[in-house]
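A.B. asks:
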Amino acid sequence: MTDLVVEPQHKPLTGVVPVPSDKSITHRALLLAAIAEGESVVVCPHMGEDNRSTLAAIRALGARVSEQGAELRITGTGLLGLTAPAEPIDCGNSGTTMRLLAGVLAAQRFRTVLIGDASLSRRPMARIVGPLRQRGARLEGALDPSRPGDVTAPLEIGPLPAPNVLSALAFESPIASAQVKSALLLSGLWADGNTIVREPVVSRDHTERMLDGLGVPIERVGSVVSLDGHAFSGSLPAFSLTVPGDLSAAAFLLAAASLIPGSEIGVRAVGANPTRAGFVDALRLLGGRVELAPERYELGEPIGAARAGFSELHGATLAGELVARSIDEIPILSALAARARGTTIIADASELRVKESDRLACMAEVLRAFGVGVEETRSGLVIEGRPDGPLSAATVDCCGDHRIAMSAAVLALCADGPCRVLGVDAVATSFPRFAGTMRALGASVRAV
Ligand code: S3P
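Residues are numbered in our numbering as their position in the sequence shown, beginning at 1, plus a constant of 351.
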């Protein structure tokens, strides 16, 4: 077990650093390259373990992969060439791997079992199993004792029953979930007819942008997306993509700069997709000084440099579509709210209860440990900021969750003594070089 030891930060954070390649875009690029025709080249620096789970999965399904540094050359099997894996596919800690892969496997004529670690094996899967079954796929999960009616991993998927083709689907998702939407759109590549998904608000749209970039007939109107299965040619071309940096990883660095007086930092070439960049808008609402503007595009994805500097923060209300666009950044936004003057209300975030951990409960514990007043509601947090003087030094548990661990480490910079974040091994799922990157900016963060 690794812990992080963080010293109080008495001098500004400065510098310009890279972050790992965008986790969401990398998952999609690997999966689509695996079913494309011919050799795709995907460049994804500092890939975390979650993406490695997807990489191992596509290898197990018959895609050929050669890896040279950050460059992956992937020879796809075409849509009809995936082969049965020799054993269950281990998705590790990665919900995106399991749910997106389920969409692909639902259309195959062989059986696959998907397993995951203890955290992933607790996560809700009925949200994909239900609609995929509706279009004729065969999926079985384990009954979930904590959520009646839900199922969890292990998931047994396929073989696709007679008539051996998925049907059209019009699905109204009760939650804004890019994983649900993407699983259904990917399965739609093999379906006889349209795939239509409506969400309450638009979730991150990387799958739509990438499919569109590869010539798949996909249309969007508001929060409805439809893929025309009849107009689709039935094959995907190979492609080249340099994946941008992950704004969700950059968020921890931008937040640290916002909290430490005198700081000015930059992060190179991060994804600036507006359905994903709610963190920037939320930080501005809290009074932060942050910039992110698109400079170029790759496969439909805007990319730009991000910058942030110290600013006095104030309380705000974060709710609705802003929360959907910053769903993975709510832990670090809570940490920022802990140093903002006044009250911050976070609402409409009940999805956080079924992420890698119950992020509302876990973040509330972390904030309390640092001496910050916080009330947990059913779907959010009410945080009384403590901007004057340092926070109380603490030893905190991160519930085995990478985003809680990094949020706690950032907050620890503002404490009145050394702090310890326990059991941070999961940081490697998304940001293997987090501690080193913080040190490059001038912080004292050590893994022990
Ligand atoms: C992701 C979608 C989101 C997000 C996750 C990555 C994706 O999950 O929290 O980290 O890449 O599609 P939900 O679809 O469950 O909201």
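Every residue, glycine too, gets a C-beta built ideally from N, C-alpha and C.
Could you tell me the boundaries of the beta strand (DSSP E) in which Asn545 lies?
C.D. replies: Stepping through the sequence shown from its first residue, residue 545 is reached at position 194. From DSSP, the beta strand (DSSP E) with Asn545 extends over Ala542 to Arg549.
A.B. asks: In three-state DSSP terms, what is His665?
C.D. replies: By one-based count along the sequence shown, residue 665 stands at place 314. Correct three-state label for His665: strand.
A.B. asks: Please go through the same chain and pick out, in chain order, the residues whose beta-carbon is closer than 6 Å to the beta-carbon of Ser516, but skip the five residues on each side of it.
C.D. replies: Indexing the sequence shown from 1 puts residue 516 at position 165. It should be noted that the sequence gives Val, not Ser, for residue 516. Counting only Cβ-Cβ distances below 6 Å, and skipping sequence neighbours, we find Asp543.
A.B. asks: Quick check: is any heavy atom of the ligand S3P less than 7 Å from the C-beta of Arg635?
C.D. replies: Translated into the one-based positions of the sequence shown, residue 635 becomes position 284. No, the beta carbon of Arg635 sits no closer than 7 Å to any heavy atom of the ligand S3P.
A.B. asks: Sorry if obvious, but does the Cβ on Val531 come closer than 7 Å to a heavy atom of the ligand S3P?
C.D. replies: Within the sequence shown, numbered from 1, the residue matching residue 531 stands at position 180. Indeed, a heavy atom of the ligand S3P lies less than 7 Å from the Cβ.
A.B. asks: Measure the Cβ-Cβ separation of Leu687 and Leu718 and say whether it is below 8 Å.
C.D. replies: Counting from 1 along the sequence shown, the entry for residue 687 is found at position 336. Counting from 1 along the sequence shown, the entry for residue 718 is found at position 367. For Leu687 and Leu718, no; Cβs fall outside 8 Å.
A.B. asks: Taking the alpha-carbon positions, what's the Ala407 to Ser391 distance?
C.D. replies: Here residue 407 refers to the residue found at position 56 of the sequence shown. Here residue 391 refers to the residue found at position 40 of the sequence shown. About 16 Å.
A.B. asks: For Ala756, which residues in the same chain have their Cβ closer than 6 Å to its Cβ, ignoring the five residues on either side in sequence?
C.D. replies: Along the sequence shown, one-based indexing puts residue 756 at 405. Closer than 6 Å at the Cβ level, and outside the excluded window around Ala756, lie Cys749, Val772, Val775 and Val778.
A.B. asks: With a threshold of 7 Å, establish whether the CB of Asp679 neighbours any heavy atom of the ligand S3P.
C.D. replies: Position 328 of the sequence shown, counting from 1, holds the residue named residue 679. Because some heavy atom of the ligand S3P lies under 7 Å away, the Cβ of Asp679 counts as near it: yes.
A.B. asks: Sort Asp767, Asp679 and Ala589 by Cα distance to Glu388 and report the nearest one.
C.D. replies: Locating residue 388 in the sequence shown gives position 37, where the first residue counts as 1. Ranking the options by Cα distance to Glu388, first place goes to Ala589.
A.B. asks: Pick out whichever of Thr365, Ala493 and Ser685 has its Cα sitting closest to the Cα of Arg473.
C.D. replies: Taking the first residue of the sequence shown as position 1, residue 473 is located at position 122. Ranking Thr365, Ala493 and Ser685 by Cα distance to Arg473 puts Ala493 first.
A.B. asks: Put Phe522 into one of helix, strand or coil per three-state DSSP.
C.D. replies: What you label residue 522 is simply residue 171 of the sequence shown in a count that begins at 1. Here Phe522 sits in strand by DSSP.
A.B. asks: Tell me, please, whether the segment 503-510 touches the segment 534-543 by the rule of three or more beta-carbon pairs shorter than 8 Å.
C.D. replies: no
A.B. asks: Taking Ala504 as part of the beta strand (DSSP E), name the residues at either end of that continuous run.
C.D. replies: The count along the sequence shown starts at 1 and reaches residue 504 at position 153. It spans Val502 to Ile508 - the beta strand (DSSP E) in which Ala504 sits, taken as one unbroken run.
A.B. asks: Would you identify the three-state DSSP class for Gly746, choosing helix, strand or coil?
C.D. replies: On the sequence shown, position 395 is the one that residue 746 refers to. Strictly speaking, residue 746 in this sequence is Thr, with Gly absent from that position. DSSP places Thr746 in the strand class (E or B) of the three-state scheme.
A.B. asks: Hey, how far is the Cα of Thr365 from the Cα of Ser677?
C.D. replies: Locating residue 365 in the sequence shown gives position 14, where the first residue counts as 1. Locating residue 677 in the sequence shown gives position 326, where the first residue counts as 1. Roughly 25 Å between the two C-alpha positions.
A.B. asks: Over what stretch of residues does the alpha helix (DSSP H) that includes Ile425 continue unbroken?
C.D. replies: The sequence position of residue 425 within the sequence shown is 74, counting from 1. Where Ile425 is concerned, there is no enclosing alpha helix (DSSP H), although the beta strand (DSSP E) it sits in stretches over Glu422 to Thr428.
A.B. asks: Any heavy atom of the ligand S3P inside 7 Å of the beta-carbon of His753?
C.D. replies: Looking up residue 753 in the sequence shown gives position 402. Not so, every heavy atom of the ligand S3P lies at least 7 Å from the Cβ.
A.B. asks: Quick one: grab the DSSP three-state call for Gly446.
C.D. replies: In the sequence shown, counting from the first residue as 1, residue 446 sits at position 95. Helix.
A.B. asks: If we require 4 or more residues per run, which alpha helix (DSSP H) segments fall completely within the segment 658-727?
C.D. replies: 672-675, 681-688 and 710-720
A.B. asks: Select from Arg797, Ala763, His753 and Val705 the residue whose C-alpha is nearest the C-alpha of Thr503.
C.D. replies: Indexing the sequence shown from 1 puts residue 503 at position 152. Ranking the options by Cα distance to Thr503, first place goes to Val705.
A.B. asks: Am I right that Arg640 and Ser662 are in contact with their C-beta atoms under 8 Å? What's the rounded C-beta distance?
C.D. replies: Counted from its first residue, the sequence shown places residue 640 at position 289. Counted from its first residue, the sequence shown places residue 662 at position 311. Between Ser662 and Arg640 the Cβ distance is about 4 Å, and since that is below 8 Å, they are a contact.
A.B. asks: Once the 5 residues before and after Gly564 are set aside, which same chain residues still bring their CB inside 6 Å of it?
C.D. replies: Reading the sequence shown from its first residue, position 213 is the one you call residue 564. So the list reads Leu650 and Gly651, once near-sequence residues are dropped.
A.B. asks: Looking at the unbroken alpha helix (DSSP H) that takes in Ile479, where does it start and where does it end?
C.D. replies: For the purposes of this step, residue 479 is identified with residue 128 of the sequence shown, where counting begins at 1. Going by DSSP, Ile479 is part of the alpha helix (DSSP H) stretching over Ala477 to Gln485.
A.B. asks: Could I get the ranges of all uninterrupted alpha helix (DSSP H) runs contained in the segment 602-637, with 4 residues as the minimum, in chain order?
C.D. replies: 629-636
A.B. asks: By Cβ distance, which residues of its chain are closer than 6 Å to Ala606, with the 5 residues on each side in sequence left out?
C.D. replies: Sequence index remark: in the sequence shown, residue 606 carries index 255 (1-based). Within the same chain, Ala606 has close Cβ partners Ile683, Leu687 and Val761.
A.B. asks: Over the uninterrupted alpha helix (DSSP H) stretch that includes Ser533, give me the two end residues.
C.D. replies: Here residue 533 is taken as the residue at index 182 of the sequence shown, counted from 1. Residues Ala529 to Ser538.
A.B. asks: Going by the C-beta, is Gly731 closer than 7 Å to any heavy atom of the ligand S3P?
C.D. replies: One-based indexing of the sequence shown puts residue 731 at position 380. No, the beta carbon of Gly731 sits no closer than 7 Å to any heavy atom of the ligand S3P.
A.B. asks: Taking 8 Å as the cut-off, decide whether the C-beta atoms of Ile734 and Arg710 are in contact.
C.D. replies: Here residue 734 refers to the residue found at position 383 when the sequence shown is read from its first residue. Here residue 710 refers to the residue found at position 359 when the sequence shown is read from its first residue. Taking 8 Å as the Cβ cut-off, Ile734 and Arg710 do not qualify as a contacting pair.
A.B. asks: Under three-state DSSP, which class holds Leu382?
C.D. replies: Here residue 382 corresponds to residue number 31 of the sequence shown, with the count starting at 1. If DSSP states are grouped into helix, strand and coil, Leu382 belongs with the helices.
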